[in-house]
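Here the protein sequences come in this chain order: A and B. Counting in our numbering, the first sequence runs from 72 upward without gaps. Counting in our numbering, the second sequence runs from 72 upward without gaps.
2 protein chains.
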Amino acid sequence: MIQESSPAYRRLIDRYGDVDAIDASISLFNWDRQVLMPPGGADARGKHVAILARMRHEKITSDSFQKLVEEAARDVTPGSEEAAAIRVLRRELRTQTKLPGELVARKAQVGSDAYDTWRRAKPANDFKAMLPYLEQLFDINRETAERLGYQDHIYDPLIDLFEEGASYADAKKLFDTIKGPIVQLLKDIQERGREVDDSMLYGDWDKPKLRAFAERAAGQVGFDFSCGRLDVANNAFCTHLAHHDVRMTTRPSDHIKGIVSSSLHEMGHGLYEQNSPKRFEGTPLPGGISLAVHESQSRLWENIVGRSRGFWKRFLPDLQATFTELSGLDAEAMYRAINKVVPTFIRVGADEVSYNLHILIRFELECEILTGQTALKDLPEAWNSKYADYLGITPPDDTNGCIQDVHWTRGMVGYFPTYTMGNLISYQMWQCLSSEVGDLDSRFEAGDFSGALNWLKAQVYDQAKLFTPRELVTRVTGRPMEPTDFISILSVKYRDIYGL
Amino acid sequence: MIQESSPAYRRLIDRYGDVDAIDASISLFNWDRQVLMPPGGADARGKHVAILARMRHEKITSDSFQKLVEEAARDVTPGSEEAAAIRVLRRELRTQTKLPGELVARKAQVGSDAYDTWRRAKPANDFKAMLPYLEQLFDINRETAERLGYQDHIYDPLIDLFEEGASYADAKKLFDTIKGPIVQLLKDIQERGREVDDSMLYGDWDKPKLRAFAERAAGQVGFDFSCGRLDVANNAFCTHLAHHDVRMTTRPSDHIKGIVSSSLHEMGHGLYEQNSPKRFEGTPLPGGISLAVHESQSRLWENIVGRSRGFWKRFLPDLQATFTELSGLDAEAMYRAINKVVPTFIRVGADEVSYNLHILIRFELECEILTGQTALKDLPEAWNSKYADYLGITPPDDTNGCIQDVHWTRGMVGYFPTYTMGNLISYQMWQCLSSEVGDLDSRFEAGDFSGALNWLKAQVYDQAKLFTPRELVTRVTGRPMEPTDFISILSVKYRDIYGL
Chain A
72 MIQESSPAYR RLIDRYGDVD AIDASISLFN WDRQVLMPPG GADARGKHVA
122 ILARMRHEKI TSDSFQKLVE EAARDVTPGS EEAAAIRVLR RELRTQTKLP
172 GELVARKAQV GSDAYDTWRR AKPANDFKAM LPYLEQLFDI NRETAERLGY
222 QDHIYDPLID LFEEGASYAD AKKLFDTIKG PIVQLLKDIQ ERGREVDDSM
272 LYGDWDKPKL RAFAERAAGQ VGFDFSCGRL DVANNAFCTH LAHHDVRMTT
322 RPSDHIKGIV SSSLHEMGHG LYEQNSPKRF EGTPLPGGIS LAVHESQSRL
372 WENIVGRSRG FWKRFLPDLQ ATFTELSGLD AEAMYRAINK VVPTFIRVGA
422 DEVSYNLHIL IRFELECEIL TGQTALKDLP EAWNSKYADY LGITPPDDTN
472 GCIQDVHWTR GMVGYFPTYT MGNLISYQMW QCLSSEVGDL DSRFEAGDFS
522 GALNWLKAQV YDQAKLFTPR ELVTRVTGRP MEPTDFISIL SVKYRDIYGL
Chain B
72 MIQESSPAYR RLIDRYGDVD AIDASISLFN WDRQVLMPPG GADARGKHVA
122 ILARMRHEKI TSDSFQKLVE EAARDVTPGS EEAAAIRVLR RELRTQTKLP
172 GELVARKAQV GSDAYDTWRR AKPANDFKAM LPYLEQLFDI NRETAERLGY
222 QDHIYDPLID LFEEGASYAD AKKLFDTIKG PIVQLLKDIQ ERGREVDDSM
272 LYGDWDKPKL RAFAERAAGQ VGFDFSCGRL DVANNAFCTH LAHHDVRMTT
322 RPSDHIKGIV SSSLHEMGHG LYEQNSPKRF EGTPLPGGIS LAVHESQSRL
372 WENIVGRSRG FWKRFLPDLQ ATFTELSGLD AEAMYRAINK VVPTFIRVGA
422 DEVSYNLHIL IRFELECEIL TGQTALKDLP EAWNSKYADY LGITPPDDTN
472 GCIQDVHWTR GMVGYFPTYT MGNLISYQMW QCLSSEVGDL DSRFEAGDFS
522 GALNWLKAQV YDQAKLFTPR ELVTRVTGRP MEPTDFISIL SVKYRDIYGL
């Protein structure tokens, strides 16, 4: 708990402990379901998650809890850490008090149950099996948006749940700004770029050895495995049961790019959580302030660090010791291979240049579905048509198309744009980080990730939820999120790789 | 839910769902802590478990819940399944309403936290590290007993928590009855029995292969791995998150006897849970009615089935295919080896004959500690002295002595006698089972475990918590628990093995 806090604040935090414990239970239920629950547990699991979600909602919206928040609010010093905790709780209360417990429980249950169907339906190319769940989950999201209220667009209250202050108009403007430069860069690479060969990375690699390599790399970069785990699941994700119990997963892939990038991505989320100040534990303050800021960390470690020359000068020898087939490869060729740009069907396997076009497609589709412009039953065709338009490729099936992601299956609508926002913020922060710390490529080559990590700890992780996302980005980089650094650094990096 | 139930009963069961969900959360928190939680999670885990235990206590002792129980009680038909559920809840209310939530939460937290210390202290022979936890946990048990109240002995309300209706006097009388015949049988074996060789079972066996063998055996006997798991933990246990999500563990041992017997033991618990009628899910009725009846199932499958001639005629070829070093062994030699009687320091490695002397020692010691006759700080000496008296051996250290078991570390005082009661009930049921089903050894040899399993399903597992333990044993065997069958069958079996 925060030191020297007021009695009213201490009473509030004491009561908040119940919410914190329920949150940890729900997180463990969901982690367990995705990582190792036997199939027979599914029925009860969905019910239990729904009950806990309803209990959490009851606790936080109860008159007595709201009264505690207001009593504490009168007591705390403006600008203090306590005041930040009150701000976080008030924001949550504004949302939760507008939603009935039944809706919260239903979303938790359907989102939990849909996962098992998705796990079977995805490899079986069975969109029809997913359709009833998607119908329910989009209905739940529509109802949520109506209850939360909005002025301009039904998307506004939904994206705000993931990214405080964001709106449909923001996301639209952002994509409008970056689409042109990205499409141009992609076109230049495809038409005039030199050949980049990544064929050596495809092979029937030993999966446990590959995962062990990813785990070693994450450990050397700075993830503390005494306060976390890396397991295998059908989707890569990161969750925390406490700030010193951070659980990451990686997919059961046998592809070097896939394993390394998904492990470093989740490690980026994990570092943000693991490095929350200990004194915030049990309060509403620890952890990431928003999904975009969270994604800025996962994408920073995955892409800017994990696809850098320095990183591969450091780790290629380890990879080559693991897989002697790669012994002829030099670090520059590895650097190019890991950054090869080629439009693909699968978002999580996408290169940095085309990645945001995958997000744009999802953003447009979820808006169209919410407003009724596209019917869910027509999703496969709508999806494939956008892939043809934006990326020039048509998915051969829904496995490689509209049921590849887990997000909608878990009821998360309004989430996708935060990936692109995260990309922008990651480069914006990187610009500051690299000018302040300096010499990062050589440091990485020497296995020294502490300069970058310590800068991020001080600037971002230590701040936890003390500031709004907009405030935090402005404090760290001197200005709110905007696309300049992203576009310019990306352009320089890929024009270099492709000899443009 | 049970069909055609009364409205008041349905309201009660609906509300009971919260308790059921919290129980599942606590079980998963504890399973996770013992199987795979990273060390950093320990602090928060203890707090979260304590909060959930307190929330559960609040829910079940609330006036509104008690009122629902009494309303439903007026509505249900005597002798119905609903009436049994009311009986189970009333028994729980009688206990829980006498205990303050703070005590319940403290026991949950100390019991959870002590586990991590125990895991380090046991291999390090560090009794001193355990002492403060044991002091707290015995104090908590003393306070629990005082609050629950008793007439004759402080042990009475504690053993009753695990075994409805049991008392110190019952347990004392039971041990007094069986001690003589057991000691005599042990003496005869040691003095006049032929040599039984089990040296071939000791070796540096490949642990994953050994566990895979145990898992195959459990699966062939009847454990449904689509509704359960077998993992490795420092202590072997079985828990359930739902009746189709039953989690067993086995120790990281490399000893064939240890792995096979602990896996079959936990499988016995698991079969009892897994086979609870689906219609009871979400009510207070599913699962084992008491620890003694639960132990009767684990001990029946571990010892009576798992150490039978038929079982090893069936499974020795599989074991030999796994470990070719055993190829010279015949089933009769394996049968004798797996049943070799020799006093050991470790309870969980004990043979059937000396096993109950290990329990007697623990029963006497926990009573002496509760009453102050033995101080906890003197436990190592008291422990070793009893091992010398009853088993003729003196543990070389506390690793092999008083800190070998997890029970007291988890705050479970009054639990141990249920193992011996379970042994008695297992043989009493076996007597009926074998006369009604018949030809069991040949069936096992043919890989047919369904006759035994179906009998137990109908007689025991289907009954779940419908009857008190005494009623259930009487219904199944025609009489309450008593030691005749145990003593006579054990004597016949071991006099045969040892040529007496």
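Every residue, glycine too, gets a C-beta built ideally from N, C-alpha and C.
Three-state secondary structure assigned by DSSP to residue i
i	result
Cys438(A)	helix
Met72(A)	Model confidence at Met72(A) stands at a pLDDT of 44, short of 50, so the residue's coordinates are unreliable and nothing is read from them.
Tyr80(A)	helix
Met108(B)	coil
Ala313(A)	strand
Thr168(B)	coil
Met483(B)	coil
Leu301(B)	strand
Cys218(B)	Note on identity: in this sequence residue 218(B) is Arg, with Cys being the wrong assignment. Reduced to three states, the DSSP call for Arg218(B) is helix.
Arg318(A)	strand
Glu234(A)	coil
Asp227(A)	helix
Ser361(B)	coil
Gly570(B)	coil
Residue from the options with nearest C-alpha to residue i
i	options	result
Ala289(A)	Glu542(A), Ser521(A), Ala121(A)	Ser521(A)
Gly88(B)	Lys130(A), Gly117(A), Val477(A), Gly570(A)	Gly117(A)
Tyr186(B)	Glu366(B), Thr548(B), Ile474(B), Ile558(B)	Ile474(B)
Val613(A)	Thr321(A), Tyr273(A), Ala313(A), Thr248(A)	With chain A represented from 72 up to 571, any question about residue 613(A) goes unanswered, as that position is not in the structure.
Lys243(B)	Ile464(B), Cys438(B), Asn305(B)	Cys438(B)
Lys280(A)	Gln291(A), Leu164(A), Ile327(A), Glu142(A)	Ile327(A)
Phe296(B)	Asp567(A), Leu229(A), Gly112(A), Glu452(A)	Gly112(A)
His365(B)	Asp247(B), Gln222(B), Gln534(B), Ala408(B)	Gln534(B)
Arg385(B)	Phe515(B), Pro323(B), Leu202(B), Lys199(B)	Phe515(B)
Leu527(B)	Trp454(B), Asp510(B), Asn346(B), Asp231(B)	Asn346(B)
Pro551(B)	Ser559(B), Ala363(B), Arg541(B)	Arg541(B)
Trp189(B)	Glu286(B), Gln502(B), Asp476(B), Leu99(B)	Asp476(B)
Leu301(A)	Lys564(A), Arg191(A), Val331(A)	Val331(A)
C-beta neighbour in chain E for residue i, strict 8 Å
i	result
Pro109(A)	Absent from the structure is chain E; the protein chains it does hold are A and B.
Closer than 7 Å at the beta carbon, the chain A residues around residue i
i	result
Asp103(B)	Leu99
Met126(B)	Asp89
Other residues of its chain near residue i: CB distance less than 8 Å, five sequence neighbours each side excluded
i	result
Ser562(A)	Pro252, Leu256
Tyr458(A)	Phe416, Ile432, Ile464, Thr465, Pro466, Gly472
Ser398(B)	Gln391
Beta-carbon proximity list for residue i, same chain, < 6 Å, skipping 5 on both sides
i	result
Ala421(B)	Thr415, His429
Lys536(A)	Val159, Leu356, Ile360
Thr168(A)	Thr132
Ala304(B)	Gln105, Val106, Thr320
Asn410(A)	Arg378, Ile568
Leu450(B)	Cys473
Asp469(B)	Asn196, Phe198, Pro451
Pro488(A)	Ala242, Phe434
Phe209(A)	Ile440
Amino acids of chain B, ordered along the chain, whose beta-carbon sits closer than 7 Å to that of residue i
i	result
Ser297(A)	Pro109, Pro110, Gly111
Ser521(A)	Under the 7 Å cutoff, chain B gives no residues; its nearest Cβ is about 20 Å from Ser521(A).
Ala92(A)	His119, Ile122, Leu123
Glu352(A)	Ala115
Asp316(A)	Met108, Pro109, Gly111, Gly112, Ala115
Sequence-distant residues of its chain with Cβ nearer than 7 Å to residue i (five each side left out)
i	result
Ile73(B)	Reliability fails at Ile73(B), whose pLDDT of 46 lies under 50, so the model's placement of it is uncertain and the value that follows must be treated cautiously. Closer than 7 Å at Cβ, skipping near neighbours: Glu152, Glu153, Arg350, Thr354.
Val585(B)	Nothing can be reported for residue 585(B), as the shown portion of chain B is limited to 72 through 571.
Val140(A)	Leu83, Ile157, Leu160, Arg161, Leu164
Phe574(B)	Examination of residue 574(B) is not possible in this model, given that chain B is present from 72 through 571 alone.
Per-residue contacts from residue i into chain B (C-beta, under 8 Å)
i	result
Ile131(A)	Residues of chain B passing the Cβ test: none, with the nearest at roughly 14 Å.
Check your understanding: In chain order, which continuous runs of the alpha helix (DSSP H) of length 4 or greater are located wholly inside the segment 529-567 of chain A?
Key -> 540-548
Exercise for review: With a floor of 4 residues, list each alpha helix (DSSP H) that falls wholly inside the segment 423-476 of chain A, ordered by position along the chain.
Suggested key: 423-442, 450-462
Practice item. Identify every run of the alpha helix (DSSP H) within the segment 238-307 of chain B, keeping only runs that are complete inside it and at least 4 residues long; order them along the chain. Key: 239-263, 278-292
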